[in-house]
Amino acid sequence: MKNVFLFLLLITMFSCTGATPQEKAEHSVEMYMPSYLDFPKSYEGIEFEKLEKDSLTGNAWHISHMYRSKNKKGEIAVAQRVFFLDTLFQVKKVMTLKEYSDLIAPKE
C-alpha cells in the first residue's frame, strides 16, 4: 500500500510540473538512492549523464549517475551506476558500469 501511495504521489508531482524527461529521471534516481545505499545519509550526487532510450533490457530508459557515499566498510567512495527506468521513470534495475559494458559489448 505504501508503494502504491508513493507511486500515485510521484505521478501527481510529475503531471503537475513541466519537468523534462531528464529532470524526471534524475529526481526518480535521487528518490531511489536511500533504499539502495548501505548508508543513505552519506549520499551526495555528483553528476548525471544524458537520459537515453534503452533497447537492451526491455526498460524504457537508462541514465548513468555518479555519486559519493559510504561503502559497506564505512569508507567514503565514488561510484557510478546505470539506472534503468520504466515509462513512468520508476527505477526498475541498477547495474555497475562493468555489468553495463558487458551487456553492450559485442559477443564473439
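Per this note's numbering, the sequence shown starts with residue 2, numbered consecutively.
All C-beta atoms in this analysis are idealised placements derived from N, C-alpha and C, irrespective of residue type, glycine included.
Could you pull the DSSP bridge partners for Gly-46 from this structure? Numbered from 1 along the sequence shown, position 45 holds the residue referred to as residue 46. Answer is Tyr-68, bridged to Gly-46.
Please classify Ala-61: does DSSP put it in a helix, a strand, or coil? Counting from one through the sequence shown, the residue named residue 61 turns up at place 60. If DSSP states are grouped into helix, strand and coil, Ala-61 belongs with coil.
Determine contact between the stretch 98 to 106 and the stretch 69 to 79, defined as no fewer than three beta-carbon pairs at a distance below 8 Å. Three or more beta-carbon pairs separated by less than 8 Å are not found between the stretch 98 to 106 and the stretch 69 to 79, which leaves the two stretches without contact.
How should Ser-29 be labelled, buried or exposed, when 16 other C-beta atoms within 10 angstroms of its C-beta is the threshold for buried? Numbered from 1 along the sequence shown, position 28 holds the residue referred to as residue 29. The residue in question, Ser-29, is buried, as its Cβ has 16 or more Cβ neighbours within 10 Å.
Hey, could you find the ends of the beta strand (DSSP E) Lys-93 is sitting in? Against the sequence shown, residue 93 aligns to sequence position 92. Residues 92 to 97.
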